[in-house]
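For the sequence shown, the working numbering assigns the number 1431 to the initial residue and increments by one for each residue that follows. Virtual Cβ for every residue (Gly too), placed ideally from N, Cα, C.
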Amino acid sequence: YAMLSHTWLHVIDSGPREVVYRDLLSVDSQLSGPGWDKLVWYCNLARESFTCRFAWADTVCNNWENPKDLQVSTESLFRWYRNAYVCIAYLADSTTRSDMKRDPWFRSGWTLPELLAPTRMKFYGAGWKALNNDHIDNDKADRSFLASLSEASGIPVDDLRSYLPGPDRVRTKLSWASRRRTAVIEDRAYSLMAIFDARIPIDYGEGERAFTNLMLDVILRSGECDVFAW
1431 YAMLSHTWLH VIDSGPREVV YRDLLSVDSQ LSGPGWDKLV WYCNLARESF
1481 TCRFAWADTV CNNWENPKDL QVSTESLFRW YRNAYVCIAY LADSTTRSDM
1531 KRDPWFRSGW TLPELLAPTR MKFYGAGWKA LNNDHIDNDK ADRSFLASLS
1581 EASGIPVDDL RSYLPGPDRV RTKLSWASRR RTAVIEDRAY SLMAIFDARI
1631 PIDYGEGERA FTNLMLDVIL RSGECDVFAW
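Spelled out as structure tokens, the structure:
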């Protein structure tokens, strides 16, 4: 199976939005627009370029109205991406490798675990053009491209190549996350659960307490009591 890594469309008023789980439940849905086009391109690539029978995308495979579904998917995020045959990363604002470091993908909190977990990744830019040699099916196996990823993300090559989740090196991991943002304040914590291998309840509405709960979980397992000095 394939996994998609992307940033959500920035919705302005009644403008284009992502296709979500609820949209697929209606047989009468007339699906179109940038969100739908993204899914079609992704699924076609997963099938035709990587011979995957299944393709997962957070927009349509998570039931955003079901708290239990969100809890399970967030706790399983790292494992799903690590075990995937390929992670297809879509950097919609990039046209070349040299400009991808300015892409919003590198400023999103949720794409941090999606960058670290997969062992095979293929990066595509605007118009779904490959940002690296099209004949290379794993950009993480290309030293030159891996160096570009390291420069854009601020993460060492060794971690990009083979990252192990856990409550260690807390300050270092938080520094990776410091340049990233989330649309919802709680997601600042929930997006980091995967890289710390943490288990905390997901409760949208708890605000900053979500991050406190995450750090308490990490401290109890790591013993790094000075983490709040970060």
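Cut-off 7 Å between Cβ atoms - residues of its own chain near PRO1534, not counting five sequence neighbours on either side: Within the sequence shown, residue 1534 is the residue found at index 104, counting from 1. THR1437, ASP1523, listed in sequence order.
Going by DSSP, what residue range makes up the beta strand (DSSP E) through ALA1432? In the sequence shown, residue 1432 corresponds to position 2, counting from 1. Per DSSP, ALA1432 belongs to the beta strand (DSSP E) from 1432-1435.
For ARG1483, the residue or residues it bridges with in DSSP: To locate residue 1483, count along the sequence shown from 1; it is residue 53. Its beta-bridge partners do not exist; DSSP assigns none.
Cβ contact check for the segment 1609-1616 and the segment 1625-1638: 3 or more pairs under 8 Å: Contact holds: three or more Cβ-Cβ distances are below 8 Å.
Excluding the 5 residues preceding and the 5 following PHE1575 in the sequence, name in chain order all residues of the same chain whose CB lies nearer than 6 Å to its CB. Counting from 1 along the sequence shown, the entry for residue 1575 is found at position 145. Hits under 6 Å: ASN1562, ASP1569.
If you drop the 5 nearest sequence neighbours on each side, which residues of the same chain put their C-beta closer than 6 Å to that of TRP1471? Here residue 1471 refers to the residue found at position 41 when the sequence shown is read from its first residue. Taken in chain order, the residues that qualify are TRP1558.
Buried versus exposed, by CB contacts within 10 Å (16 or more), LEU1644: Counting from 1 along the sequence shown, the entry for residue 1644 is found at position 214. Buried, because 16 or more other Cβ atoms sit within 10 Å of the Cβ of LEU1644.
Using only the heavy atoms of the ligand HEM, determine whether one of them is closer than 7 Å to the beta carbon of LYS1603. Within the structure as shown, the ligand HEM is missing, as the structure has no ligands at all.
Continuous beta strand (DSSP E) stretch holding LYS1552: start and end: By one-based count along the sequence shown, residue 1552 stands at place 122. Start and end: 1551-1554.
Short check: CB of TYR1451 to CB of ASN1492, under 8 Å? Start at 1 with the first residue of the sequence shown, and residue 1451 comes out as number 21. Start at 1 with the first residue of the sequence shown, and residue 1492 comes out as number 62. In terms of Cβ geometry, TYR1451 and ASN1492 form a close pair [threshold 8 Å].
Check the C-beta distance from ALA1624 over to PHE1508 and give it rounded, since I have them as a contact under 8 Å. Numbered from 1 along the sequence shown, position 194 holds the residue referred to as residue 1624. Numbered from 1 along the sequence shown, position 78 holds the residue referred to as residue 1508. Beta-carbon to beta-carbon, ALA1624 and PHE1508 are separated by about 4 Å, close enough to satisfy the 8 Å threshold.
Check whether the segment 1459-1466 and the segment 1526-1541 touch, using three or more Cβ-Cβ pairs below 8 Å as the test. Of all C-beta pairs linking the segment 1459-1466 to the segment 1526-1541, fewer than three are shorter than 8 Å, placing the two stretches out of contact.
Note down, in chain order, each residue of its chain lying with its Cβ closer than 7 Å to the Cβ of ARG1652, except the 5 sequence neighbours on either side. Here residue 1652 refers to the residue found at position 222 of the sequence shown. Note that residue 1652 is Ser in the sequence shown here, rather than Arg. The residues are PRO1597, ASP1598, VAL1600.
What is the DSSP secondary structure of TYR1511, counted as helix, strand or coil? Translated into the one-based positions of the sequence shown, residue 1511 becomes position 81. When secondary structure is reduced to three states using DSSP, TYR1511 falls in the helix class.
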